[in-house]
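Numbering (the UniProt record's numbering), first residue to last: 1 to 303. Here a beta-carbon is modelled for each residue, glycine too, at the ideal position from N, C-alpha and C. These figures come from a predicted structure and were not determined experimentally.
So, in structure tokens, the structure goes:
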């Protein structure tokens, strides 16, 4: 009985040892298999807008470089004269955009360097060309006398802002959307087109003395109809000075002069003898039409 027991115990021990050895052998094989798996190199997914070799691109359109499954390392953009175009990278290095408007009829090249989620580097290049307008229009910001509104100047409470275009505008609505008047305090007013080249902005009521006004004509890159595009933006800022108002009454034949709402002078006046007369082929009228008049020039002293 003892010999049989010893034999059984011996076989059991050998089986256990064999099982342990086999188990350890499997673990080592699994570890070796895991370590020998090839590393997957994945580059970032980069999108450049507009696409490669795009033409007639809007110079104010959305030019962007974006990355997914990775990040942008560097973006360089140059025009057809190799002049660098400044741009801005988002803090997370996922989006880049140019920081200035592009030119008409120019070619641009964008070079992008990126890295994938595992650090895999990649680079690519894209080119596009902006549109070339058939014609361009410039704009001047003036008074109704044609005098340019001076930046930092002082003007009267009845000043009319004029946007004068050097070309006829066929799409007035498109041009008017680019004309912006900002006042402090707020003033109600509106644009009115006198003809195809002149738009007037008038306040509903007289400006208050001290009102700050900024006028911007953001026409660059804007289609103005018939193949015409805006040539250059214009802007100016000015202040409304003291209120000088003169009211002439044909019933009393008097003119009352007010400074900042205070009557400072009364003068007799004549509204003309009426009728017309033709001199050297030119008809002269002697009527004074009713209405509001803006004084364009002044003499010294101002009364």
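Express the C-alpha separation of residue 188 and residue 202 in angstroms, rounding to a whole number. 9 Å
If you reduce the DSSP assignment to three classes, tell me which class residue 172 lands in. helix
Per DSSP, the bridge partner or partners of residue 231: DSSP lists no partner for residue 231.
Would you decide whether residue 213 is buried or exposed? Buried here means 16 or more other CB atoms lie within 10 Å of its CB. buried
Closest by CA to residue 66, which one among 85, 112 and 57? 112
So, at 8 Å on beta carbons, what are the nonlocal neighbours of residue 292 in its own chain, with the 5 sequence-adjacent residues on each side left out? 158
Tell me the DSSP secondary structure of residue 177 in three-state form. coil
Can at least three beta-carbon pairs, one atom from the stretch 147 to 157 and one from the stretch 171 to 191, be found at a separation below 8 Å? no
Tell me where the beta strand (DSSP E) around residue 93 begins and ends. Element bounds for residue 93: n/a, residue is neither H nor E.
Under a three-way DSSP split, which group does residue 186 fall into? coil
Quick one, are the C-beta atoms of residue 137 and residue 228 less than 8 Å apart? yes
DSSP state of residue 205 mapped onto helix, strand, coil: coil
Measuring alpha carbon to alpha carbon, tell me which residue in 269, 48, 44 and 198 is nearest residue 125. 48
Segments assigned alpha helix (DSSP H), at least 4 residues, entirely inside the stretch 46 to 81: none
Does the beta-carbon distance from residue 243 to residue 269 come in below 8 Å? no
Which of the three DSSP states, helix, strand or coil, is assigned to residue 212? strand
Cβ-based burial, residue 114 [other Cβ within 10 Å; buried from 16]: buried
Using a 10 Å radius around the Cβ and a threshold of 16 neighbouring Cβ atoms, would you call residue 170 buried or exposed? exposed
Since residue 104 and residue 59 are thought to touch, with beta carbons under 8 Å apart, how far apart are those beta carbons, to the nearest angstrom? 6 Å
One or two residues paired with residue 255 in a DSSP bridge: 248 and 267
Residue 97 - partner residues in DSSP beta bridges: 88
Does the beta-carbon distance from residue 132 to residue 57 come in below 8 Å? no
Assumed close pair residue 178, residue 222 - CB separation to whole angstroms, cut-off 8 Å: 5 Å
Nearest to residue 107 by alpha carbon, out of 116, 90, 141 and 85? 85
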